[in-house]
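Beneath this line is the structure, given in structure tokens, with notes to follow.
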Amino acid sequence: MAGQGRRIWPVQGDPLRRNPSRAATPRPTEPGWERFMWYFTRISGLLLVLLAMGHMLIMHVLVQLTGQEINFAFVTSRWGSPFWRIYDLLLLVLALIHGVNGARIIVGDYIERGGLRSLLIGLLLAVTLIWLLLGIFVIVTFNPDGAPAIGPFS
Amino acid sequence: MNRRPIVSYGISWSQLAWLGHRLSGVGVLVYLFMHIVENATLAFGPGVYNTTQTYFRNLPVRLGEIVLMAALVYHSLNGLRVIVMDFWPRSTAWYRPLTYGVIIATVLAMIPLGLIMITPYAPWGGH
Numbered sequence: 001m002a003g004q005g006r007r008i009w010p011v012q013g014d015p016l017r018r019n020p021s022r023a024a025t026p027r028p029t030e031p032g033w034e035r036f037m038w039y040f041t042r043i044s045g046l047l048l049v050l051l052a053m054g055h056m057l058i059m060h061v062l063v064q065l066t067g068q069e070i071n072f073a074f075v076t077s078r079w080g081s082p083f084w085r086i087y088d089l090l091l092l093v094l095a096l097i098h099g100v101n102g103a104r105i106i107v108g109d110y111i112e113r114g115g116l117r118s119l120l121i122g123l124l125l126a127v128t129l130i131w132l133l134l135g136i137f138v139i140v141t142f143n144p145d146g147a148p149a150i151g152p153f154s
Numbered sequence: 001m002n003r004r005p006i007v008s009y010g011i012s013w014s015q016l017a018w019l020g021h022r023l024s025g026v027g028v029l030v031y032l033f034m035h036i037v038e039n040a041t042l043a044f045g046p047g048v049y050n051t052t053q054t055y056f057r058n059l060p061v062r063l064g065e066i067v068l069m070a071a072l073v074y075h076s077l078n079g080l081r082v083i084v085m086d087f088w089p090r091s092t093a094w095y096r097p098l099t100y101g102v103i104i105a106t107v108l109a110m111i112p113l114g115l116i117m118i119t120p121y122a123p124w125g126g127h
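Okay, here's the thing in structure tokens:
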């Protein structure tokens, strides 16, 4: 086709070429929100392999191997360094958006009718916003000296 | 007489890999939501946080953590395969070996990881 240049990929008409990984979502051909999220899922996924696997290997394997225990003192020393606070913030934000976007796509795949689909996706986004703010609040405002002495266990 | 299998859905390993990606993704997401709530007890000080943590030091929770680790390892490896095949479409020629490779690598990785994680609750661990 004139003016379009030689398009190696995606090639129209061949499903395997259009959706080479056979993942849930082939790359949207038109620019916009859906294509942005398609790229976001893959780029954040790449980062999350390092961040989430690193987090799990430290918290569930290294802590075990070195005979440590996860408690308030452990978190205090860990979040005493800005590196781990930023690491955990990045992990929280990327994992939550990556995961909720995936859930949104799954809901859209199984519920194609408008009303229920909008309701579920709206609820999902509302809950996510609350949980995201809660998670960020806890990491940012953590202060071992200023923790309130409330509740029956204090 | 034809011998027919009673259960014959004809599901391939490749389809299971796709289903596994969804299930592991949803599982990790559900855990993440609970993890954020559990982590929020930090805001109530050491007393509340340390007491809450003691509820998680038992065998059922540890088994759940091992399942979580397996889900994360599988989702990571299969996700890398999806990225490779999306950005280098010529790798689709190795669709099957790559998919089988992801499943085998997940099982192999989970042998040492599972053993380390179960040790405190295992007979040889002496907890």
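In order, the protein sequence lines correspond to chains D and S. Read in order, the letters of the first sequence are residues 1 to 154 in the working numbering. Read in order, the letters of the second sequence are residues 1 to 127 in the working numbering. Positions of the beta carbon are idealized from the N, C-alpha and C atoms, including for glycine.
* **Three-way DSSP call (helix, strand, coil) for residue 86/S in this model** => helix
* Asked: Mind pulling the alpha helix (DSSP H) runs of 4 or more residues that sit fully within the segment 70-150 of chain D?
  -> 72-78, 82-110, 114-141
* Would you decide whether residue 131/D is buried or exposed? Buried here means 16 or more other CB atoms lie within 10 Å of its CB. => buried
* Using a Cβ cut-off of 7 Å, which residues of the segment 32-49 of chain S contact any Cβ in chain D, in chain order? -> 32, 33, 36, 39, 40, 42, 43, 44, 45, 46, 47, 48, 49
* To do: Using a Cβ cut-off of 7 Å, pull out every chain D residue sitting near residue 83/S, in sequence order please.
  => 42, 45, 46
* Kindly indicate the opening and closing residues of the alpha helix (DSSP H) around residue 34/S. => 13-39
* Could you name the residues of chain D that residue 12/S contacts, counting a contact when the two beta carbons are closer than 8 Å? => Under the 8 Å cutoff, chain D gives no residues; its nearest Cβ is about 11 Å from residue 12/S.
* To do: Using a Cβ-Cβ cut-off of less than 7 Å, give me the residues of the segment 53-86 of chain D that come near chain S, in sequence order.
  => 53, 56, 60, 61, 64, 65, 70, 71, 72, 75
* Give the residues of chain D in contact with residue 116/S, contact being defined as C-beta atoms less than 8 Å apart. => 61, 64, 65
* **Where the alpha helix (DSSP H) through residue 55/S begins and ends** => Segment: none, residue 55/S is in no alpha helix (DSSP H) and carries neither H nor E.
* Asked: Considering residue 55/D, what are the terminal residues of the alpha helix (DSSP H) in which it resides?
  -> 33-56
* Look at the Cβ atom of residue 118/S, then the Cβ atom of residue 36/S, and state whether they are nearer than 8 Å. => no
* Asked: If you draw a straight line from the alpha carbon of residue 104/D to that of residue 121/D, how long is it in whole angstroms?
  -> 6 Å
* residue 72/S versus chain D: which residues are under 8 Å apart at the beta carbon? -> 52, 53, 56
* Reference residue 103/S, options 93/S, 123/S, 71/S, closest by Cα -> 71/S
* Asked: For residue 125/S, which residues of its own chain have a beta-carbon under 6 Å away from its beta-carbon, when the five flanking residues on both sides are left out?
  -> 119
* Asked: In or out: residue 49/S buried (at least 16 other Cβ within 10 Å) or exposed?
  -> buried
* So, helix, strand or coil for residue 60/S, using DSSP? -> helix
* Own chain, CB closer than 6 Å to residue 75/D, minus 5 neighbours either side, in chain order -> none
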